[in-house]
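All remarks here apply to the structure that follows.
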Amino acid sequence: MKDKRILYVSSEVIPYLPETEISSMSFEAPRMVNNQGGQIRIFMPRFGNINERRHQLHEVIRLSGMNLVINDLDMPLIIKVASIPKERMQVYFIDNEDYFKRKATLTDEEGNLFPDNDERAIFFAKGVIETVKKLNWSPDVIHVNGWLSSLLPLYLRNYYGNEPLFNEAKIVTSVYNQDFDGTLDNQMYKKVLFDGLENEQVKHLKKPSYVNIMKTAVDNSDAVVIAGDNIPDELKKYLSKLNKPVLGYKNREEFAQAYQEFYTTKVLS
6 MKDKRILYVS SEVIPYLPET EISSMSFEAP RMVNNQGGQI RIFMPRFGNI
56 NERRHQLHEV IRLSGMNLVI NDLDMPLIIK VASIPKERMQ VYFIDNEDYF
106 KRKATLTDEE GNLFPDNDER AIFFAKGVIE TVKKLNWSPD VIHVNGWLSS
156 LLPLYLRNYY GNEPLFNEAK IVTSVYNQDF DGTLDNQMYK KVLFDGLENE
206 QVKHLKKPSY VNIMKTAVDN SDAVVIAGDN IPDELKKYLS KLNKPVLGYK
256 NREEFAQAYQ EFYTTKVLS
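The following block contains the structure:
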(Lines of atoms letter the chains of each structure in order from A and count residues from 1; the text may use other names and numbers.)
(Lines give C-alpha, C1' and ligand atoms only; values in the text may rest on other atoms or scores of the structure.)
Protein backbone atom coordinates (compact mmCIF):
# COMPACT_ATOMS: atom_id res chain seq x y z
CA MET A 1 0.00 0.00 0.00
CA LYS A 2 3.05 2.29 0.11
CA ASP A 3 2.39 5.61 -1.65
CA LYS A 4 -1.12 4.54 -2.74
CA ARG A 5 -3.67 7.33 -2.36
CA ILE A 6 -6.91 6.24 -0.73
CA LEU A 7 -9.88 8.53 -0.10
CA TYR A 8 -12.18 7.34 2.69
CA VAL A 9 -15.68 8.82 2.67
CA SER A 10 -17.87 7.92 5.63
CA SER A 11 -21.00 9.04 7.44
CA GLU A 12 -19.23 8.50 10.78
CA VAL A 13 -15.70 8.13 12.12
CA ILE A 14 -14.41 7.64 15.64
CA PRO A 15 -13.44 9.58 17.74
CA TYR A 16 -15.87 12.21 16.42
CA LEU A 17 -18.99 10.07 16.77
CA PRO A 18 -19.78 7.06 19.01
CA GLU A 19 -18.32 3.68 18.17
CA THR A 20 -20.30 1.64 15.65
CA GLU A 21 -19.26 -0.83 12.98
CA ILE A 22 -19.13 2.00 10.42
CA SER A 23 -17.29 4.52 12.60
CA SER A 24 -14.78 1.88 13.73
CA MET A 25 -13.95 0.59 10.25
CA SER A 26 -13.78 4.17 8.94
CA PHE A 27 -10.99 4.72 11.47
CA GLU A 28 -9.22 1.33 11.42
CA ALA A 29 -8.94 0.97 7.63
CA PRO A 30 -7.33 4.41 7.07
CA ARG A 31 -5.02 3.83 10.03
CA MET A 32 -3.91 0.50 8.51
CA VAL A 33 -3.12 2.14 5.15
CA ASN A 34 -1.47 5.11 6.86
CA ASN A 35 0.79 2.82 8.89
CA GLN A 36 1.85 1.03 5.70
CA GLY A 37 3.02 4.22 4.04
CA GLY A 38 -0.09 4.96 2.02
CA GLN A 39 -1.55 8.45 1.66
CA ILE A 40 -5.06 8.88 3.00
CA ARG A 41 -7.76 11.52 3.20
CA ILE A 42 -10.90 11.04 5.32
CA PHE A 43 -14.17 12.92 4.76
CA MET A 44 -17.31 12.92 6.91
CA PRO A 45 -20.23 15.29 7.59
CA ARG A 46 -19.83 17.89 10.33
CA PHE A 47 -22.92 16.86 12.29
CA GLY A 48 -24.06 19.32 14.96
CA ASN A 49 -23.44 16.85 17.79
CA ILE A 50 -19.69 16.81 17.07
CA ASN A 51 -17.93 18.91 19.70
CA GLU A 52 -15.85 21.33 17.63
CA ARG A 53 -13.90 22.73 20.57
CA ARG A 54 -12.96 19.39 22.08
CA HIS A 55 -11.91 17.93 18.73
CA GLN A 56 -10.27 21.18 17.59
CA LEU A 57 -12.10 21.58 14.29
CA HIS A 58 -11.27 24.70 12.33
CA GLU A 59 -12.56 26.08 9.06
CA VAL A 60 -10.34 25.90 5.98
CA ILE A 61 -11.07 29.24 4.34
CA ARG A 62 -9.32 28.43 1.04
CA LEU A 63 -11.57 25.39 0.56
CA SER A 64 -14.82 26.94 1.79
CA GLY A 65 -16.94 29.52 0.04
CA MET A 66 -18.44 27.77 -2.97
CA ASN A 67 -22.15 27.07 -3.34
CA LEU A 68 -23.58 23.69 -4.32
CA VAL A 69 -26.91 23.58 -6.14
CA ILE A 70 -29.27 21.11 -4.46
CA ASN A 71 -32.74 20.82 -5.99
CA ASP A 72 -32.40 24.30 -7.56
CA LEU A 73 -31.22 25.96 -4.33
CA ASP A 74 -27.75 27.41 -3.70
CA MET A 75 -26.34 25.86 -0.51
CA PRO A 76 -23.03 27.22 0.87
CA LEU A 77 -20.26 24.66 1.41
CA ILE A 78 -18.08 25.03 4.50
CA ILE A 79 -15.00 22.82 4.97
CA LYS A 80 -13.51 22.15 8.39
CA VAL A 81 -10.56 19.99 9.34
CA ALA A 82 -9.18 18.26 12.42
CA SER A 83 -6.41 15.79 13.21
CA ILE A 84 -7.03 12.49 14.98
CA PRO A 85 -4.78 12.57 18.05
CA LYS A 86 -1.64 10.38 17.90
CA GLU A 87 -2.50 9.02 14.44
CA ARG A 88 -1.18 11.67 12.02
CA MET A 89 -4.48 11.48 10.14
CA GLN A 90 -6.49 14.50 9.04
CA VAL A 91 -10.26 14.43 8.74
CA TYR A 92 -12.14 16.86 6.49
CA PHE A 93 -15.68 17.80 7.52
CA ILE A 94 -18.40 18.79 5.04
CA ASP A 95 -20.59 21.44 6.66
CA ASN A 96 -23.63 23.54 5.89
CA GLU A 97 -25.85 25.49 8.30
CA ASP A 98 -29.13 24.14 6.94
CA TYR A 99 -28.14 20.49 6.64
CA PHE A 100 -25.74 19.81 9.49
CA LYS A 101 -26.19 22.35 12.31
CA ARG A 102 -28.86 20.35 14.21
CA LYS A 103 -27.55 18.51 17.29
CA ALA A 104 -28.11 15.03 15.86
CA THR A 105 -26.90 12.82 13.02
CA LEU A 106 -29.58 11.13 10.89
CA THR A 107 -32.65 10.86 13.15
CA ASP A 108 -34.55 12.98 15.66
CA GLU A 109 -35.05 12.15 19.36
CA GLU A 110 -37.87 9.72 18.49
CA GLY A 111 -35.69 7.86 16.01
CA ASN A 112 -37.43 9.27 12.91
CA LEU A 113 -35.27 9.93 9.88
CA PHE A 114 -34.84 13.62 9.09
CA PRO A 115 -37.01 14.50 6.07
CA ASP A 116 -34.08 16.16 4.27
CA ASN A 117 -31.65 13.23 4.58
CA ASP A 118 -31.88 12.74 0.82
CA GLU A 119 -30.68 16.30 0.18
CA ARG A 120 -28.00 15.92 2.86
CA ALA A 121 -26.69 12.85 1.02
CA ILE A 122 -26.60 14.74 -2.30
CA PHE A 123 -24.85 17.70 -0.66
CA PHE A 124 -22.32 15.44 1.06
CA ALA A 125 -21.44 13.58 -2.15
CA LYS A 126 -21.00 16.75 -4.21
CA GLY A 127 -19.21 18.51 -1.34
CA VAL A 128 -16.61 15.76 -1.01
CA ILE A 129 -15.91 15.68 -4.75
CA GLU A 130 -15.66 19.47 -5.08
CA THR A 131 -13.29 19.66 -2.11
CA VAL A 132 -11.02 16.92 -3.45
CA LYS A 133 -10.94 18.83 -6.74
CA LYS A 134 -9.84 21.97 -4.87
CA LEU A 135 -7.15 19.94 -3.09
CA ASN A 136 -6.05 18.69 -6.55
CA TRP A 137 -5.53 15.29 -4.98
CA SER A 138 -6.03 12.35 -7.33
CA PRO A 139 -6.92 9.16 -5.40
CA ASP A 140 -6.13 5.62 -6.52
CA VAL A 141 -9.03 4.22 -4.48
CA ILE A 142 -12.20 5.86 -3.13
CA HIS A 143 -13.73 3.77 -0.33
CA VAL A 144 -17.30 4.65 0.63
CA ASN A 145 -18.82 3.78 4.04
CA GLY A 146 -22.38 4.35 5.29
CA TRP A 147 -25.56 4.99 3.33
CA LEU A 148 -25.33 8.79 3.69
CA SER A 149 -22.13 8.52 1.59
CA SER A 150 -23.62 6.16 -0.94
CA LEU A 151 -24.54 8.69 -3.64
CA LEU A 152 -20.87 9.49 -4.17
CA PRO A 153 -20.27 6.61 -6.65
CA LEU A 154 -23.36 7.65 -8.65
CA TYR A 155 -22.25 11.28 -8.90
CA LEU A 156 -18.62 10.43 -9.54
CA ARG A 157 -19.45 8.09 -12.42
CA ASN A 158 -22.06 10.33 -14.02
CA TYR A 159 -22.27 13.98 -12.94
CA TYR A 160 -18.45 14.16 -12.64
CA GLY A 161 -17.77 11.49 -15.24
CA ASN A 162 -15.41 13.65 -17.30
CA GLU A 163 -13.37 14.98 -14.38
CA PRO A 164 -9.73 14.00 -15.16
CA LEU A 165 -8.70 14.01 -11.48
CA PHE A 166 -10.75 10.84 -10.94
CA ASN A 167 -10.13 9.07 -14.25
CA GLU A 168 -7.96 6.33 -12.74
CA ALA A 169 -9.75 6.07 -9.38
CA LYS A 170 -11.36 2.78 -8.38
CA ILE A 171 -14.49 3.00 -6.23
CA VAL A 172 -15.09 0.52 -3.40
CA THR A 173 -18.38 0.51 -1.46
CA SER A 174 -18.72 -1.15 1.93
CA VAL A 175 -22.17 -2.63 2.60
CA TYR A 176 -23.18 -2.71 6.27
CA ASN A 177 -26.19 -4.14 8.11
CA GLN A 178 -29.50 -2.40 7.44
CA ASP A 179 -29.36 1.04 9.03
CA PHE A 180 -32.94 2.25 8.66
CA ASP A 181 -36.45 1.04 7.84
CA GLY A 182 -38.83 2.70 5.44
CA THR A 183 -37.59 5.12 2.80
CA LEU A 184 -36.10 8.56 2.38
CA ASP A 185 -38.12 11.29 0.64
CA ASN A 186 -39.99 9.79 -2.30
CA GLN A 187 -38.98 12.76 -4.48
CA MET A 188 -35.30 11.95 -4.01
CA TYR A 189 -34.86 10.60 -7.55
CA LYS A 190 -36.24 13.85 -9.02
CA LYS A 191 -33.67 15.85 -7.06
CA VAL A 192 -30.92 13.68 -8.54
CA LEU A 193 -32.44 13.93 -12.02
CA PHE A 194 -32.29 17.73 -11.61
CA ASP A 195 -28.48 17.36 -11.81
CA GLY A 196 -28.76 15.97 -15.32
CA LEU A 197 -28.59 12.27 -14.53
CA GLU A 198 -30.77 9.89 -16.49
CA ASN A 199 -33.75 7.79 -15.43
CA GLU A 200 -31.91 4.49 -15.84
CA GLN A 201 -29.12 5.71 -13.54
CA VAL A 202 -31.55 6.52 -10.71
CA LYS A 203 -34.06 3.69 -11.16
CA HIS A 204 -33.46 2.24 -7.68
CA LEU A 205 -33.99 5.65 -6.06
CA LYS A 206 -37.64 5.79 -7.09
CA LYS A 207 -38.17 3.85 -3.87
CA PRO A 208 -35.24 5.09 -1.75
CA SER A 209 -35.07 2.29 0.82
CA TYR A 210 -31.79 1.29 2.47
CA VAL A 211 -31.44 -1.67 0.09
CA ASN A 212 -32.14 0.40 -3.03
CA ILE A 213 -29.76 3.18 -2.03
CA MET A 214 -27.02 0.59 -1.55
CA LYS A 215 -27.84 -1.03 -4.91
CA THR A 216 -27.28 2.38 -6.52
CA ALA A 217 -23.87 2.68 -4.84
CA VAL A 218 -22.88 -0.88 -5.78
CA ASP A 219 -23.91 -0.41 -9.42
CA ASN A 220 -21.51 2.53 -9.72
CA SER A 221 -18.61 0.92 -7.85
CA ASP A 222 -15.70 -1.17 -9.10
CA ALA A 223 -15.67 -3.47 -6.06
CA VAL A 224 -17.69 -4.18 -2.92
CA VAL A 225 -16.84 -5.05 0.67
CA ILE A 226 -19.43 -6.85 2.80
CA ALA A 227 -18.79 -5.00 6.04
CA GLY A 228 -21.76 -6.20 8.08
CA ASP A 229 -22.33 -9.71 9.40
CA ASN A 230 -26.09 -9.56 8.79
CA ILE A 231 -26.77 -7.57 5.64
CA PRO A 232 -30.31 -7.80 4.17
CA ASP A 233 -31.04 -10.98 2.20
CA GLU A 234 -32.06 -8.95 -0.85
CA LEU A 235 -28.63 -7.31 -0.90
CA LYS A 236 -26.88 -10.66 -0.43
CA LYS A 237 -28.70 -11.99 -3.47
CA TYR A 238 -27.91 -8.85 -5.47
CA LEU A 239 -24.21 -9.01 -4.61
CA SER A 240 -24.02 -12.70 -5.48
CA LYS A 241 -24.89 -11.88 -9.10
CA LEU A 242 -22.37 -9.07 -9.53
CA ASN A 243 -19.62 -9.35 -12.10
CA LYS A 244 -17.13 -7.42 -9.97
CA PRO A 245 -14.91 -8.25 -6.96
CA VAL A 246 -16.72 -8.75 -3.65
CA LEU A 247 -14.86 -9.23 -0.35
CA GLY A 248 -16.79 -11.28 2.20
CA TYR A 249 -17.31 -10.19 5.79
CA LYS A 250 -14.18 -9.94 7.97
CA ASN A 251 -14.20 -9.09 11.66
CA ARG A 252 -11.91 -6.45 13.15
CA GLU A 253 -9.17 -8.99 13.90
CA GLU A 254 -9.08 -10.30 10.31
CA PHE A 255 -9.76 -7.23 8.21
CA ALA A 256 -6.30 -5.63 7.88
CA GLN A 257 -4.62 -8.30 5.75
CA ALA A 258 -7.85 -9.03 3.86
CA TYR A 259 -8.39 -5.36 2.94
CA GLN A 260 -4.75 -4.96 1.91
CA GLU A 261 -4.89 -8.00 -0.38
CA PHE A 262 -8.27 -6.95 -1.76
CA TYR A 263 -7.02 -3.45 -2.61
CA THR A 264 -3.81 -4.66 -4.25
CA THR A 265 -4.94 -7.85 -6.04
CA LYS A 266 -8.60 -7.15 -6.90
CA VAL A 267 -9.21 -3.40 -6.93
CA LEU A 268 -5.93 -1.96 -8.24
CA SER A 269 -4.79 -4.89 -10.38
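Whatever position you read off the sequence shown (first residue = 1), add 5 for our numbering.
We put the beta carbon where it would ideally sit given N, CA and C, even for glycine.
When you compare only the Cα positions, how much space is there between VAL14 and GLU33? For the purposes of this step, residue 14 is taken as the residue at position 9 of the sequence shown. For the purposes of this step, residue 33 is taken as the residue at position 28 of the sequence shown. Going by the C-alpha atoms only, they are around 13 angstroms apart.
Contact between the segment 139–159 and the segment 172–184 is defined here as three or more beta-carbon pairs at a separation below 8 angstroms; is this criterion met? Enough Cβ pairs lie closer than 8 angstroms, so yes.
In the segment 45–93, which residue ranges form an unbroken beta strand (DSSP E) of at least 3 residues, counting only runs that do not cross its ends? Residue ranges of uninterrupted beta strand (DSSP E) with 3 or more members, entirely inside the segment 45–93 and ordered along the chain, are 72–75, 78–81 and 83–89.
Status (buried if at least 16 other CB within 10 Å, exposed otherwise) for ILE55: As a working mapping, residue 55 is identified with position 50 in the sequence shown. Counting Cβ neighbours within 10 Å, ILE55 comes out buried, since at least 16 surround it.
Mind checking whether GLY132 and ILE99 have CB atoms under 7 angstroms apart? By one-based count along the sequence shown, residue 132 stands at place 127. By one-based count along the sequence shown, residue 99 stands at place 94. For GLY132 and ILE99, yes; Cβs fall inside 7 angstroms.
Residue burial classification, PHE199 (beta-carbon count within 10 angstroms, cutoff 16): On the sequence shown, residue 199 is found 194 positions in, with the first residue counted as 1. Taking all protein chains in view, the Cβ of PHE199 is surrounded by fewer than 16 other Cβ atoms within 10 Å, so the residue is classified as exposed.
Quick check on this structure: which residue in TYR160, VAL86 and LYS9 has the alpha carbon closest to the alpha carbon of GLN61? By one-based count along the sequence shown, residue 61 stands at place 56. GLN61 has its Cα closest to that of VAL86, out of TYR160, VAL86 and LYS9.
Looking only at its own chain, which residues have a Cβ that is under 6 angstroms from the Cβ of THR112, when we skip the five neighbours before and after it? The sequence position of residue 112 within the sequence shown is 107, counting from 1. Only LEU118 meet the Cβ criterion.
Can you find the residues in the same chain that come closer than 8 angstroms, C-beta to C-beta, to VAL96, ignoring five residues on each side of it along the sequence? For the purposes of this step, residue 96 is taken as the residue at position 91 of the sequence shown. Result list for VAL96: VAL18, TYR21, ILE47, PHE48, MET49, VAL86, ALA87, SER88 and ILE89, in chain order.
If I follow the unbroken alpha helix (DSSP H) through TYR13, where does it start and stop? For this step, residue 13 is matched to residue 8 along the sequence shown. Where TYR13 is concerned, there is no enclosing alpha helix (DSSP H), although the beta strand (DSSP E) it sits in stretches over 10–15.
Rounded straight-line distance, which links the Cα of ILE66 to that of GLY42: The residue labelled residue 42 in the question sits at position 37 within the sequence shown. The residue labelled residue 66 in the question sits at position 61 within the sequence shown. Approximately 29 angstroms, taken between the alpha carbons.
Counting C-beta neighbours from all protein chains within 10 Å, is the total for THR110 16 or more, i.e. buried, or is it exposed? For this step, residue 110 is matched to residue 105 along the sequence shown. Buried, by the Cβ-count rule.
Thinking C-beta only, is ALA130 closer than 7 angstroms to ILE147? Residue numbering aside, residue 147 sits at position 142 when the sequence shown is read from its first letter. Residue numbering aside, residue 130 sits at position 125 when the sequence shown is read from its first letter. It is not a contact, given that the beta carbons lie outside the stated cut-off.
For PHE185, name the three-state secondary structure that DSSP assigns. Here residue 185 refers to the residue found at position 180 when the sequence shown is read from its first residue. Coil, per DSSP.
Between LEU252 and ILE231, how many whole angstroms is the CB-CB distance? I'm expecting something under 8 angstroms. The residue you call residue 252 lines up with position 247 of the sequence shown. The residue you call residue 231 lines up with position 226 of the sequence shown. With a Cβ gap of about 7 angstroms, LEU252 and ILE231 count as contacting.
Could you give the first and the last residue of the continuous alpha helix (DSSP H) run that contains THR270? Reading the sequence shown from its first residue, position 265 is the one you call residue 270. Looking at the DSSP string, THR270 is not in any alpha helix (DSSP H), and its letter there is neither H nor E.
Compare the Cα-Cα distances from ASP234 to each of ALA222, ASP224, ARG257 and ASN225 and report the closest residue. Sequence index remark: in the sequence shown, residue 234 carries index 229 (1-based). That would be ARG257, whose Cα lies nearest to the Cα of ASP234.
Which one or two residues does DSSP pair with ALA228 in a beta bridge? Position 223 of the sequence shown, counted from the first residue, corresponds to residue 228. As computed with DSSP, ALA228 is found in a beta bridge with VAL177.
Return helix, strand or coil for ASN217, following the three-state DSSP convention. Indexing the sequence shown from 1 puts residue 217 at position 212. The answer is helix: DSSP assigns ASN217 an H, G or I state.
Measuring straight from C-alpha to C-alpha, what distance separates ASP224 and PRO158? Translated into the one-based positions of the sequence shown, residue 224 becomes position 219. Translated into the one-based positions of the sequence shown, residue 158 becomes position 153. One C-alpha to the other measures close to 8 angstroms.
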